[in-house]
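Under numbering that gives the first Met the number 0, residues 0 to 138 are what the sequence shown spells out, in order.
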Amino acid sequence: MLGRYQRNPGVDHWKAAKKVLRYLQGTKDHMLTFRRSDHLEVIGYSDSDYAGCVDTRKSTFGYLFLLAGGEISWKSAKQPVIVTSTMEAEFIACYEATNHGLWLRNFIYGLGIVDTIAKPLKIYCDNSAAVFFSKNDKY
C-alpha cells in the first residue's frame, strides 16, 4: 500500500511508513510455524474491492495461500483494468489467485520434499454476484 505513493509522498504517507516500521520492529521475534503432515494441501483465499482507488477507480485484489496450517504466499495489488461490476472484480481476483496457486503447487511438488500434493486446488472466493447472475434468467 505504501508503494503506491512513492512518486509524490506527503506527510500522511511518511506517518504511515513510520507506523509500518514500528510494527516490524515490535514483531521481529514472531515467526511462522508449520505442523508436519503426510497429506499436504495448498488452500487459497481471494477477495477484491470494487473501484476502491479514488484516483483511478481501479479495484484492489488480494490472495493468501496456506500450507500445513501456515501462510506461505500472499499478494495485494491493483487490478490492471477498470471493471464495471463487483462480479468482474471478483473474477479477476479469483483468476489471479488460481494462476498463482497452480504455480505454487507445482513449485512445492518440484522441490521433491513431498510425494503428493492434494488435487484439486481449493481456492475460496466471494462469488455471490456470479451465483446471482447465473440463477437470474433476465441476464
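All C-beta atoms, glycine included, are put in the ideal place defined by N, C-alpha and C.
- With respect to Gly100, Phe64 sits close: the two C-beta atoms are nearer than 9 angstroms.
- Taking the C-beta atoms as reference points, Ser72 is found no nearer than 9 angstroms to Cys124.
- By the criterion of a C-beta distance shorter than 6 angstroms, Ser75 is surrounded in its chain by Gly61, once the five residues flanking it on both sides are discounted.
- Residue state for Val82 is assigned as coil, using DSSP reduced to three classes.
- About 6 angstroms separates the beta carbon of Ala67 from that of Arg34, a gap short enough to meet the 8 angstroms contact definition.
- Per DSSP, Asp11 is not a residue of any beta strand (DSSP E); the alpha helix (DSSP H) it occupies stretches across 10 to 25.
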